[in-house]
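> Numbering (our numbering), first residue to last: 41 to 130.
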């Protein structure tokens, strides 16, 4: 169990893209290591660093759009760079 706890890690950013975070679940019947890979839209909405906000602001100016629409643009770019499916705008 100690080894499992020690092995949990947070994945490094690859080309500026957050990868994953690992966690451990321990109980009387279960010991498991899991990996959480957040969807790109959640990552885009949670980007609060100064440079990340500036990127959204520039998209808002360039495309005359809202912050949410800019977040969708960032999410689509994250998906493209991750090699995953497109973000749905609903």
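Glycine included, C-beta positions come from ideal geometry on N, C-alpha and C. The structure presented is a predicted model; accordingly, all values stated were derived computationally and were not measured.
What ranges does the beta strand (DSSP E) occupy inside the region 66-94, keeping only unbroken runs of at least 3 residues that lie completely in it?
Listed in chain order, the complete beta strand (DSSP E) runs (minimum 3 residues) inside the region 66-94 are 71-76.
> Would you kindly work out how many angstroms separate the C-alpha atoms of residue 85 and residue 41, rounded to a whole number?
Between residue 85 and residue 41, the C-alpha separation is close to 35 Å.
> Let's test the definition: count the other Cβ atoms within 10 Å of the Cβ of residue 81 and tell me whether it reaches 16, buried, or not, exposed.
It counts as buried.
> What does the alpha-carbon distance come out to for the pair residue 77 and residue 87?
Rounded to the nearest angstrom, the two C-alpha atoms are 15 Å apart.
> In terms of residue numbering, what span does the alpha helix (DSSP H) encompassing residue 47 cover?
Element bounds for residue 47: 42-47.
> Have a look at the DSSP bridge pairing and note the partners of residue 124.
Per DSSP, none; premise fails for residue 124.
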